[in-house]
Amino acid sequence: MNGIQIRDLTKHYRVLKRREGLSGSIRDLLSHNYKTVKAVDGINLTIEPGELVGFIGPNGAGKSTTIKMLSGVLEPSSGTIEVDGFVPYKQRRRYVQRIGIVFGQRTQLWWDLAVIESFKLLKEVYGIDDAAYERNLGIFNEIAELKELYGTPVRNLSLGQRMLCDIAASFIHDPSTIFLDEPTIGLDVEIRSKVRAIIKELNRVKGATVLLSSHDVGDIETLAKRIILIDKGKILYDGPTEKFNGIFGRYRTLKLDVHGLAEADIARLKTETAARAHGEKEIVFGEASGGWLGVSFDQDKHPLLDLLNPILASFPVKDIKVEEIEMEEVIKRVYEGALG
Ligand SMILES: Nc1ncnc2c1ncn2[C@@H]1O[C@H](COP(=O)(O)OP(=O)(O)O)[C@@H](O)[C@H]1O
Ligand SMILES: [Mg+2]
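If you're matching positions, the sequence shown starts at 92 in the numbering used here and goes up one per residue.
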């Protein structure tokens with residue numbers, strides 16, 4: 092059977108428990124004081140061939156570890172994985188012909204070569220025939236306008252341009268399955284949405300199964316029909332994006348610049364705002380970190396101006412920003428039962 096099947100998958104890392112100071116370091120060397128990190132802690136998934144699935148969760152949730160096991164880089168501690176009929180870490184050589192991988196932090200292209208030379212090298216590496224190669228370059232150009240970048244050395248591309256080339260490269264050998272680990276990391280808003288649109292379009296045109304991870308809620312909302320939410324190595328939600336958006340799409344985080352406000356004033360701001368909202372739970376305050384206080388709220392229940400005007404009338408807030416709900420907030424609300 093094709094697609095992806097994951098059963099009771101775990102990955103445990105054994106890490107040295109560090110002790111403080113020089114004597115601690117010496118004791119670390121002498122005694123092996125290990126602890127186990129359960130990076131992936133018993134997950135089950137079935138992904139149909141051709142599906143585009145968003146894999147989201149906060150930093151440290153286990154996304155990269157899962158993707159490394161799926162791509163055969165890491166062997167599971169227990170459980171089974173099957174991708175397109177392969178056991179990833181066992182049949183490496185044949186398996187890599189069937190998959191494409193993008194890790195957001197690093198490029199798979201050759202730094203000093205022009206983009207087109209990198210693509211030609213991949214053509215040789217994968218043994219792609221001329222017709223298929225030309226057809227794919229045509230598709231990349233149509234969807235992502237890559238032609239204008241072909242002559243540029245990879246090292247001279249902007250981060251966004253490089254990501255587009257990396258994504259195209261992952262499709263170049265017509266793999267059945269593609270893993271993208273945080274492809275939008277570090278990109279600014281505009282190029283992020285372009286990257287998302289291109290991934291979506293390539294998935295549609297090429298029909299490959301695509302699993303894409305992100306620690307940013309906004310990335311997935313419009314991209315995939317299905318989302319898988321992971322935290323602490325466990326799946327918290329696996330279902331339609333629509334349902335997820337139906338609950339979390341209404342939430343916004345109001346950021347207040349509270350530089351120069353006394354602790355007592357910040358505390359009073361919180362109690363007065365919560366009192367007006369009739370209940371603490373609906374309006375959640377973050378830490379006032381870096382001089383910004385985050386206030387997460389449901390904009391259907393509490394229109395922004397109703398929330399903001401009384402605050403501005405009573406407190407010397409210097410600046411405001413409105414952002415989407417933060418991942419940490421989503422996780423908190425899911426544990427409280429938000430997704431039922
Ligand atoms: N090579 C490693 N050795 C030890 N611990 C690791 C290693 N890689 C990841 N971890 C730990 O495993 C957990 C999951 O990490 P990761 O899969 O990178 O999460 P994510 O990609 O969702 O941020 C984290 O607690 C992380 O610190
Ligand atoms: Mg990661």
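C-beta atoms are modelled at their ideal positions from N, C-alpha and C, and glycine is treated no differently.
In this chain, the beta strand (DSSP E) harbouring threonine 101 covers 95-107.
Distances taken from the Cβ of aspartate 272 to the heavy atoms of ligand 2 include one shorter than 8 Å. Per DSSP, the unbroken beta strand (DSSP E) holding asparagine 135 starts and ends at 125-138. Taking 9 Å as the cut-off, the Cβ atoms of leucine 314 and leucine 303 count as close.
Nearest in C-alpha terms to valine 106, of all of Lys126, Leu293, Val301, is Lys126.
Taken through DSSP and simplified to helix, strand or coil, proline 149 comes out as coil. Of the candidates Val206, Val131, Gly195, Val245, the residue whose Cα lies closest to the Cα of histidine 306 is Gly195. For arginine 110, there is no enclosing beta strand (DSSP E), as DSSP marks it with neither H nor E.
Secondary structure in the region 199-287: the alpha helix (DSSP H) runs of 4 residues or longer, each lying completely within the stretch, are 206-217, 221-235, 250-262 in chain order. A direct Cα-to-Cα measurement between glycine 151 and alanine 379 gives close to 23 Å. The closest CA to that of proline 331, considering only Leu113, Leu143, Ile97, is found on Leu143. With fewer than 16 other CB atoms across the displayed protein chains lying within 10 angstroms of its CB, asparagine 400 is exposed. Beta-bridge analysis with DSSP links aspartate 322 to Lys325. Here the alpha carbon of serine 405 sits roughly 50 Å from the alpha carbon of valine 301.
DSSP places lysine 316 outside both helix and strand once states are collapsed to three, so it counts as coil. The Cβ-Cβ distance between isoleucine 374 and phenylalanine 388 falls below 9 Å. Glycine 385 sits in a strand when the DSSP states are folded into three classes. Assignment of glutamate 354 by DSSP, reduced to helix, strand and coil, places it in the helix class. Residues Val308, Thr344, Gly377, Gly385, Ser387 of the same chain have their beta carbon placed closer than 8 Å to that of glutamate 417, with the five preceding and five following residues left out of the count. Judged by pairs of C-beta atoms under 8 Å, the region 211-227 touches the region 253-267, as three or more such pairs exist.
Tyrosine 125 has its CB no nearer than 8 Å to any heavy atom of ligand 1.
Collapsing the DSSP output to three states places tyrosine 426 in a helix. Closest by C-alpha distance to lysine 316, out of Leu347, Asn294, Lys325, Asp322, is Asn294. Counting only residues of its own chain and dropping the five nearest sequence neighbours on each side, tyrosine 104 has a CB closer than 6 Å to the CB of Val128, Ala130. Sorting Pro407, Arg189, Gly337, Leu430 by C-alpha distance to the C-alpha of aspartate 391 places Gly337 at the top. By DSSP's assignment, aspartate 348 forms a beta bridge with Trp383. Using a cutoff of 8 Å, the CB of lysine 154 counts as near ligand 2, since one of the ligand's heavy atoms is closer than that.
Pairing aspartate 322 with glycine 94 gives a Cβ-Cβ distance that is not under 9 Å. For leucine 143, the three-state secondary structure derived from DSSP is strand.
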